[in-house]
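Enquirer: Residue numbers (my numbering): 11 to 195. Yeah, the Cβ is synthetic: ideal placement off N, Cα and C, and Gly gets one too. No experiment lies behind these values; they were computed from the predicted model shown.
1) If you follow the alpha helix (DSSP H) that residue 68 is part of, which residue opens it and which one closes it?
2) At the level of alpha carbons, what is the spacing between residue 151 and residue 193?
3) Go to residue 76, then tell me how far its beta strand (DSSP E) extends in each direction, as first and last residue.
4) May I have the straight-line CA-CA distance separating residue 77 from residue 110, to the nearest angstrom?
5) Inspect the beta-carbon positions of residue 160 and residue 58 and report whether they are closer than 8 Å.
6) Tell me which same chain residues have a C-beta within less than 8 Å of the C-beta of residue 75, skipping the five on either side of it?
7) With distances taken between CB atoms, is the gap from residue 45 to residue 164 smaller than 8 Å?
8) Do you know whose CA, among 175, 137, 146, lies nearest residue 38's CA?
9) Buried or exposed: where does residue 124 fall if 16 or more other Cβ atoms within 10 Å of its Cβ makes it buried?
10) Taking C-alpha atoms, which residue in 178, 91, 69, 112 lies nearest to residue 101?
11) Going by DSSP, name the residue or residues bridged to residue 52.
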């Protein structure tokens, strides 16, 4: 398991990658995720629910920012989302997609996000969330009020270093709860 809380410069050497992740810029980094009551975020390459309004909330939160996501997550979406920059993390050096930047590591993706100077939103998948949870300042989490089958899960959350800052309930074909958590200093 890679510890991202250490010095960011050491990731290539196997040293601890990049801890406090605040590269000296004012760029904010947040996770944005939707999960089921049992923590599922994906089933194969599909989102395992269809909830009216939930994707509009994602759009509202991330519009104008930079999305960082793994290749499988991007391929499940299929194209860059309008009004946002997209950075894909892939170890495949030959991978490319029109309208997106591709980086070989989370570290490289976050550095590129810093250069873009727009808020960075980590958008999945499960491993990307697990690795970046220790370094983000904000977590936007939507809990869809149902249990579903799947094999991709969001890490246990909330953790003690985050405090609930906002909460809203939404009624839909399947109700959902939006919560915003902020890291405590």
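Expert: So, from the data block:
1) Looking up residue 68 in the chain shown gives position 58. 64-72 is the span of the alpha helix (DSSP H), which, as asked, contains residue 68.
2) Translated into the one-based positions of the chain shown, residue 151 becomes position 141. Translated into the one-based positions of the chain shown, residue 193 becomes position 183. When rounded, the distance between both Cα atoms is 14 Å.
3) What you label residue 76 is simply residue 66 of the chain shown in a count that begins at 1. Residue 76 -> beta strand (DSSP E) spans 76-80.
4) As a first step, residue 77 must be located in the chain shown, where it is residue number 67. As a first step, residue 110 must be located in the chain shown, where it is residue number 100. Cα to Cα, the separation comes out at about 10 Å.
5) By 1-based counting over the chain shown, the position of residue 160 is 150. By 1-based counting over the chain shown, the position of residue 58 is 48. Contact: yes.
6) As a working mapping, residue 75 is identified with position 65 in the chain shown. 94, 95, 128, 129, 130, 131.
7) Translated into the one-based positions of the chain shown, residue 45 becomes position 35. Translated into the one-based positions of the chain shown, residue 164 becomes position 154. In contact: residue 45 and residue 164 (Cβ atoms closer than 8 Å).
8) Translated into the one-based positions of the chain shown, residue 38 becomes position 28. The residue with the shortest Cα to Cα distance from residue 38 is 146.
9) The sequence position of residue 124 within the chain shown is 114, counting from 1. Buried, since its Cβ has 16 or more Cβ neighbours within 10 Å.
10) Working through the chain shown from its first residue, we reach residue 101 at position 91. Nearest C-alpha to residue 101: 112.
11) Here the question's residue 52 lines up with position 42 in the chain shown. For residue 52, the pairing in a beta bridge is given by DSSP as 162.
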